[in-house]
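First residue of the sequence shown? That's 1 in the numbering used here, and the numbers climb one at a time after it. Note that beta-carbon positions come from the ideal geometry of N, C-alpha and C, so glycine has one too.
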Amino acid sequence: MAAISMRNIFKRYGDGFPAVNDVSIDVADGEFMILVGPSGCGKSTLLRMIVGLEDITSGDMIIGDRRVNDLAPRDRNLAMVFQNYALYPHLTVYENIAFPLRLQGVDNATVDKKVREASKTLELDEHLDRKPGNLSGGQRQRVAMGRAIVRDADAFLFDEPLSNLDAKLRGQMRTEIARLQKKMGMTTVYVTHDQTEAMTLGHRVAVLKRGVLQQLATPRELYENPGNLFVAGFIGSPPMNFLPATLSGDKLELPFGTVTIPADRADKVASSGYGGGVLIAGVRPEHFEDATLVDASKRDGGSTFTAKVDQVEWLGNETYAYIPFTAPPEVTDQLDQLARDLDGDSMRSQLVINLDGASRVAEGDDAELWVDAGQIHLFDPASGRNLTLDEANAGTVTGLQGDAAKA
Ligand SMILES: Nc1ncnc2c1ncn2[C@@H]1O[C@H](COP(=O)(O)OP(=O)(O)O)[C@@H](O)[C@H]1O
Ligand SMILES: [Mg+2]
């Protein structure tokens, strides 16, 4: 296996639009790297430039210790697993896996050894004589992977391999890919628009928006320390709430009342040159709780407030509550733009909170709620930058230059 280094990669198609705009990503040997972002953000283009199916406009693509920009796909020794698997229906599983070796004219004994090794790893040894049409989706995916494995490729590349599967199978395949990747330690670049796949599969995740890398970090870093509004809105399900807020010292004024935030967070905002205007506060649904269920010891780490609950969904183990609010135009404009960037619905008028299933909060109640104030992010509405970012635990945050250049 080999490391992959993308350095200042640009791709301009015929119309001059930069589909990939100055992206630099280092994938370590054996690492599982995810490229994620909404449709059209340049994920497939970037992957195709790694494999050699698309010319690189500028920048360096390094695989192992070779610059591969000018190498044909077959000379890059990479294995691409496509969404439709591209298996040959008339060939057995054995011959499908053996196919790349047959092309290379490898002798029968070596082919047999490699196919049997791969099919053992993939638990396909009982199916070698069957045809792809008789296999389950998961088995077919494994055959496609087997074909990649026998080639001793330097890295595996996946472009949305699970997006055609139903939810249950997708979950199974996700687990399977994670298990194989760990077992074989293969360098992997995996494209998806699905944040669940990104969070569960990736050692690190590169979040892209309109061709520009926004943040490159571990799933936990992305979740806990999103570099900007875009990453904050993209990672997490249900998504982070965005509320209008103003800060005075460590007192944060939210639509539902005043919350005291930790001094280090307030200091970060002050040192960013904040002049007292409207900020966007980002709070995840799970960082709220029914105040009556919060221990006294924990309570002091957050703030309690009272809010009128509009709607409640009780799911047994958890409860969702919805609380309407209004926001000024400088916030709603930015949130509408964010919704367009995310291909989603704007979340500018209702707070979604996730409470323990034991909560007795009911529709129409003026409920006493608690928020974990140490988990509140504050974003600059103009640039989208996270002013409360813990930079030491945020990986690489890069999107802001791209945003500034665009503005
Ligand atoms: N062959 C092409 N010619 C022109 N533009 C293209 C071509 N392929 C992709 N694009 C454009 O490049 C951008 C990125 O596309 P793509 O890499 O397919 O995005 P993703 O895989 O993230 O959905 C899009 O705006 C898309 O329209
Ligand atoms: Mg794509």
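Looking at residue j and residue i, is the spacing between their C-beta atoms short of 8 Å?
| i | j | result |
| --- | --- | --- |
| residue 232 | residue 250 | no |
| residue 138 | residue 172 | yes |
| residue 62 | residue 5 | yes |
| residue 348 | residue 336 | yes |
| residue 157 | residue 78 | yes |
| residue 29 | residue 2 | yes |
| residue 9 | residue 190 | no |
| residue 124 | residue 143 | yes |
| residue 217 | residue 396 | yes |
| residue 174 | residue 162 | yes |
| residue 269 | residue 328 | no |
| residue 285 | residue 235 | no |
| residue 306 | residue 366 | yes |
| residue 94 | residue 128 | yes |
| residue 359 | residue 290 | yes |
| residue 379 | residue 301 | no |
| residue 229 | residue 205 | no |
| residue 96 | residue 132 | yes |
| residue 27 | residue 192 | no |
| residue 199 | residue 226 | no |
Using the three-state DSSP reduction, which class does residue i fall into: helix, strand or coil?
| i | result |
| --- | --- |
| residue 341 | helix |
| residue 117 | helix |
| residue 54 | coil |
| residue 87 | coil |
| residue 73 | helix |
| residue 405 | Its pLDDT being 40, under 50, residue 405 is placed unreliably by the model, and nothing is read from it. |
| residue 190 | strand |
| residue 16 | coil |
| residue 387 | coil |
| residue 396 | strand |
| residue 48 | helix |
| residue 1 | coil |
| residue 451 | Residue 451 lies beyond the residue range present for the chain, which begins at 1 and ends at 407; the question has no answer from this structure. |
| residue 199 | helix |
| residue 313 | strand |
| residue 361 | coil |
| residue 300 | coil |
| residue 128 | coil |
| residue 327 | coil |
| residue 134 | helix |
| residue 108 | helix |
| residue 92 | coil |
| residue 226 | coil |
Give the range of the beta strand (DSSP E) segment to which residue i is assigned.
| i | result |
| --- | --- |
| residue 321 | 318-324 |
| residue 8 | 4-12 |
| residue 123 | First-last for residue 123: undefined, no H or E at that position. |
| residue 429 | The requested residue 429 is not part of the displayed model; the chain covers only 1 to 407. |
| residue 260 | 257-260 |
| residue 104 | Premise fails: residue 104 is in no beta strand (DSSP E) and is neither H nor E. |
| residue 294 | Taken as a continuous stretch (DSSP letters only), residue 294 belongs to no beta strand (DSSP E), as it is neither H nor E. |
Consider the C-beta atom of residue i and the heavy atoms of ligand 3; say whether any pair is separated by less than 7 Å.
| i | result |
| --- | --- |
| residue 191 | By its list of ligands, the structure shown excludes ligand 3, since it contains just ligand 1 and ligand 2. |
Which stretch, first to last residue, makes up the alpha helix (DSSP H) that contains residue i?
| i | result |
| --- | --- |
| residue 137 | 137-150 |
| residue 233 | 229-234 |
| residue 271 | 263-271 |
| residue 251 | No alpha helix (DSSP H) contains residue 251, which is instead part of the beta strand (DSSP E) from 251-254. |
| residue 175 | 167-184 |
Name the DSSP bridge partner or partners of residue i?
| i | result |
| --- | --- |
| residue 80 | 157 |
| residue 305 | 369 |
| residue 217 | 205 |
| residue 25 | 6 |
| residue 280 | 244, 379 |
| residue 97 | For residue 97, which the question treats as bridged, DSSP gives no partner whatsoever. |
| residue 67 | 62 |
| residue 35 | 191, 206 |
| residue 212 | 209 |
Taking only beta-carbon atoms, is residue i less than 8 Å away from chain C?
| i | result |
| --- | --- |
| residue 214 | Absence of chain C from the displayed structure is noted, only one protein chain being present. |
Check each residue's C-beta against every heavy atom of ligand 1 and list, in chain order, those closer than 5 Å.
Those satisfying the condition are, in chain order, 13, 19, 39, 40, 41, 42, 43, 44, 45.
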